[in-house]
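Data first, discussion second: the structure below is written as structure tokens.
Number of protein chains: 2
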Amino acid sequence: MNFNSWLENKINNIENFIINIIGEENNPQGVIYEAMNYSLLSGGKRLRPVLLLASYELFKDNSTDVMPFACSMEMIHTYSLIHDDLPAMDNDDYRRGKLSNHKRYGEAIAILAGDGLLNKAFETGIKACLSCDDKSRGLGALNIIAKASGVDGMIGGQVVDMSGHEKIKTLEDLKHMYSLKTGAIIKSSIIAGAILGGADESELKSLEIFADKIGLAFQIEDDILDVTSTLEKLGKKTGSDIANDKITYLSFVSIEEAQSHAEQLTKEATEALSIFGDKAKYLIELAESLTKRDH
Amino acid sequence: MNFNSWLENKINNIENFIINIIGEENNPQGVIYEAMNYSLLSGGKRLRPVLLLASYELFKDNSTDVMPFACSMEMIHTYSLIHDDLPAMDNDDYRRGKLSNHKRYGEAIAILAGDGLLNKAFETGIKACLSCDDKSRGLGALNIIAKASGVDGMIGGQVVDMSGHEKIKTLEDLKHMYSLKTGAIIKSSIIAGAILGGADESELKSLEIFADKIGLAFQIEDDILDVTSTLEKLGKKTGSDIANDKITYLSFVSIEEAQSHAEQLTKEATEALSIFGDKAKYLIELAESLTKRDH
Numbered sequence: 001m002n003f004n005s006w007l008e009n010k011i012n013n014i015e016n017f018i019i020n021i022i023g024e025e026n027n028p029q030g031v032i033y034e035a036m037n038y039s040l041l042s043g044g045k046r047l048r049p050v051l052l053l054a055s056y057e058l059f060k061d062n063s064t065d066v067m068p069f070a071c072s073m074e075m076i077h078t079y080s081l082i083h084d085d086l087p088a089m090d091n092d093d094y095r096r097g098k099l100s101n102h103k104r105y106g107e108a109i110a111i112l113a114g115d116g117l118l119n120k121a122f123e124t125g126i127k128a129c130l131s132c133d134d135k136s137r138g139l140g141a142l143n144i145i146a147k148a149s150g151v152d153g154m155i156g157g158q159v160v161d162m163s164g165h166e167k168i169k170t171l172e173d174l175k176h177m178y179s180l181k182t183g184a185i186i187k188s189s190i191i192a193g194a195i196l197g198g199a200d201e202s203e204l205k206s207l208e209i210f211a212d213k214i215g216l217a218f219q220i221e222d223d224i225l226d227v228t229s230t231l232e233k234l235g236k237k238t239g240s241d242i243a244n245d246k247i248t249y250l251s252f253v254s255i256e257e258a259q260s261h262a263e264q265l266t267k268e269a270t271e272a273l274s275i276f277g278d279k280a281k282y283l284i285e286l287a288e289s290l291t292k293r294d295h
Numbered sequence: 296m297n298f299n300s301w302l303e304n305k306i307n308n309i310e311n312f313i314i315n316i317i318g319e320e321n322n323p324q325g326v327i328y329e330a331m332n333y334s335l336l337s338g339g340k341r342l343r344p345v346l347l348l349a350s351y352e353l354f355k356d357n358s359t360d361v362m363p364f365a366c367s368m369e370m371i372h373t374y375s376l377i378h379d380d381l382p383a384m385d386n387d388d389y390r391r392g393k394l395s396n397h398k399r400y401g402e403a404i405a406i407l408a409g410d411g412l413l414n415k416a417f418e419t420g421i422k423a424c425l426s427c428d429d430k431s432r433g434l435g436a437l438n439i440i441a442k443a444s445g446v447d448g449m450i451g452g453q454v455v456d457m458s459g460h461e462k463i464k465t466l467e468d469l470k471h472m473y474s475l476k477t478g479a480i481i482k483s484s485i486i487a488g489a490i491l492g493g494a495d496e497s498e499l500k501s502l503e504i505f506a507d508k509i510g511l512a513f514q515i516e517d518d519i520l521d522v523t524s525t526l527e528k529l530g531k532k533t534g535s536d537i538a539n540d541k542i543t544y545l546s547f548v549s550i551e552e553a554q555s556h557a558e559q560l561t562k563e564a565t566e567a568l569s570i571f572g573d574k575a576k577y578l579i580e581l582a583e584s585l586t587k588r589d590h
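Line by line, the protein sequences are chains A and B. Once you know that position 232 of the first sequence is 232 in the numbering used here, the rest is easy, because the numbers rise by one and skip nothing. Add 295 to the 1-based position in the second sequence for the numbering used here, that's all there is to it.
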């Protein structure tokens, strides 16, 4: 199967799974289900669940069994976007080409929809663990995911990002913040997939190198797109980093240098997967597509 | 050991555990750890973790092993209070006699501190499961907790509560909302403790009856205290239900009737524990103390 067909197939499977996950809307608290689905089903690249599945498929042929874990990653990612968009945080009115959750449902429901998605991510993962043949692997994956999404990972990264110039003075400070804010969840998707697949220590080590490098490359590309892309392609306002006086990769290097760093990181990332041979082809194409994207 | 010594001992053990749980404050994202601890360590009755421990002790002598699960309940409870107090929700300035989290740290940090506590609750539970001898029991308990704290439990209850007069027209509607908003977490504390202890089906059934009844009794007492207590005793503004035009148990019955309902529910609850004999003595005293409290 070629990469594009493989990717389309994975995204279809993910969307078929998450469309049924939130539950019934036809009850007294229906609006919260609607609000959760509004953000969860509004498209997006589904990068994190796809990474988990691709990583798992380094070890197993069929990734159907780990779909709940993959979709947990998407729920965590979606909740973080809903809360980051709130007026008290980044105050963004648009997300993925639609009104952001609080602009559509109000702040109270948006806060609760985010809470609900974070909770549902763990609920889904725990339920999947309960029916795992190997509960230690399932719990090992959940343990990695929970650390990455928490205050020592993604949430901590958001805190540093909000503190802006006060805490981010050098490119190294920025890279550290990125490794928490976006890197931790990308990395945990890859590592959780590998743990579920039964990776050994040296395989995990290679995947950690791969994950750290593509996580940073992805974020550099995001900073570039905020300057070079359009609202139509990106689904959210461009130029917002400059407008909000945000520190980005481009605060320290030129666009050309940034693009070259992203490409170099991607090259090094894919080299780290050499031990997997041809089995890593989709993961490599996925990594390469991240620095060639226009949204 | 008499009840008061037992309770004091349990609360001490819980507080010794949670004081070490959040992590280091001495790093770039330190303020978020401080904000999480601010609410987590500000006292409170520790009712939910105590219930989990008391329920577990129906089956086992020593509850040290399940302390992480107990403290997860307190973290979930605390996060829900932080988010409920936000301006977009109940807009409360005080909690447990101190400024509410967002009044102290600002809205953005309060939202993230809530997120961080919910995440940490699962992180703590998952880590504890990983070292459980019987992983199925640990996962069974987490599964119950995750359902209860989610959109089909506590979060759903908050949504109905916020919709107010629109969705709550009868005493039955109100009881249903309470069974979600406060009842679900109280019940899941008791049931999770019992699952961890190895309860059989009939034991779980008795504990479910007990839990449903004391959950409602607890909430009725809360409604009464909002009218009859003082700021000093309650640690938050009294009379706020009336000021906010909230529907409470007292919207449907008199204070005297409400008190009598709470006592009757407590009596029926304790009767459901007869199968446990003397082993249930602390759980029964705990239930009885809930309708005699002044805060």
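Where a beta carbon is used, it is the ideal one built from N, C-alpha and C, also for glycine. Predicted model only: the values in this text are computed from it and were never measured.
DSSP beta-bridge partners of residue i
i, result
"B:LYS393", "B:ARG390"
7 angstroms CB neighbourhood of residue i in its chain, flanking five on each side removed
i, result
"A:ARG48", "MET73, GLU74, HIS77, ILE185, ILE186 and SER189"
"B:ALA582", "ILE509, THR561, ALA564 and THR565"
"B:ASP468", "LYS462"
Buried versus exposed call for residue i [16 or more other C-beta atoms within 10 Å across all chains shown]
i, result
"B:ILE313", "buried"
"B:ASN297", "exposed"
"A:GLY43", "exposed"
"A:THR248", "buried"
"A:SER254", "exposed"
"B:ASN332", "buried"
"A:GLU221", "buried"
"A:LYS135", "buried"
"A:LYS120", "buried"
"A:SER274", "exposed"
"A:GLY239", "exposed"
"B:GLU496", "exposed"
"B:ASP521", "buried"
"B:ASN539", "exposed"
"A:GLU256", "exposed"
"B:SER444", "buried"
Chain-ordered chain B contacts of residue i [CB-CB under 7 angstroms]
i, result
"A:LEU81", "The contacting residues do not exist; A:LEU81 stays about 12 angstroms from chain B at best."
"A:GLY116", "GLY445, VAL446 and ILE450"
"A:LEU86", "ILE406"
Where residue i falls: helix, strand or coil (DSSP)
i, result
"A:LYS169", "coil"
"B:LEU603", "With chain B running from 296 to 590 in the structure shown, residue 603 of chain B is simply not present."
"A:ASP222", "helix"
"B:THR543", "coil"
"B:GLY478", "helix"
"A:VAL253", "coil"
"B:THR586", "coil"
"B:GLY339", "coil"
"B:CYS366", "helix"
"B:CYS424", "helix"
"A:VAL50", "helix"
"B:MET472", "helix"
"A:SER80", "helix"
"B:GLY451", "helix"
Same chain, Cβ closer than 6 angstroms to residue i, five either side skipped, listed in chain order
i, result
"A:GLU268", "LYS213"
"B:GLN514", "TYR473 and THR477"
"A:TYR56", "SER63, VAL66, GLY193, LEU196 and GLY197"
"A:GLY138", "CYS129 and CYS132"
Residue i: contacting residues in chain B (beta-carbon distance under 8 angstroms)
i, result
"A:GLU201", "The premise fails here: A:GLU201 is roughly 17 angstroms from chain B at the closest Cβ pair, so nothing lies under 8 angstroms."
"A:ILE32", "VAL446, ILE450, GLY451 and VAL454"
"A:GLY140", "LEU425"
"A:MET36", "VAL446"
Where residue i meets chain A, residues with beta-carbon distance less than 7 angstroms
i, result
"B:ASN438", "ILE126, LYS127 and LEU130"
"B:LYS482", "Going along chain A, no residue has its Cβ under 7 angstroms from B:LYS482, so there is no contact; the nearest lies around 16 angstroms."
Chain B contact residues for residue i, given Cβ-Cβ distances below 9 angstroms
i, result
"A:MET162", "ALA403, ILE404 and LEU407"
"A:GLY23", "VAL446 and ASP447"
"A:ILE89", "Inspection of the sequence shows that residue 89 of chain A is occupied by Met rather than by Ile. The answer, in chain order, is GLU402, ALA403, ILE406 and LEU407."
Closer than 8 angstroms at the beta carbon, the chain A residues around residue i
i, result
"B:GLU583", "Neighbours of B:GLU583 on chain A: none; closest Cβ ~32 angstroms, over 8 angstroms."
"B:GLU418", "ASN143, ALA146, LYS147 and GLY150"
"B:MET362", "Simply none; closest approach about 18 angstroms."
"B:ILE430", "Note that residue 430 of chain B is Lys in the sequence shown, not Ile. Within 8 angstroms Cβ-Cβ: LYS135, SER136 and LEU139."
Cβ-based neighbour list, residue i, same chain, cut-off 8 angstroms, excluding 5 preceding and 5 following
i, result
"B:ILE249", "With chain B represented from 296 up to 590, any question about residue 249 of chain B goes unanswered, as that position is not in the structure."
Contacts that residue i makes with chain A (C-beta to C-beta distance below 9 angstroms)
i, result
"B:ASN539", "Those do not exist, as B:ASN539 stays about 14 angstroms from chain A at its closest Cβ, beyond 9 angstroms."
"B:LYS415", "ALA146, GLY150 and VAL151"
Heavy atom of the ligand ATP within 6 angstroms of residue i beta-carbon
i, result
"B:SER375", "With respect to small molecules bound, the structure shown includes none, and the ligand ATP cannot be examined in it."
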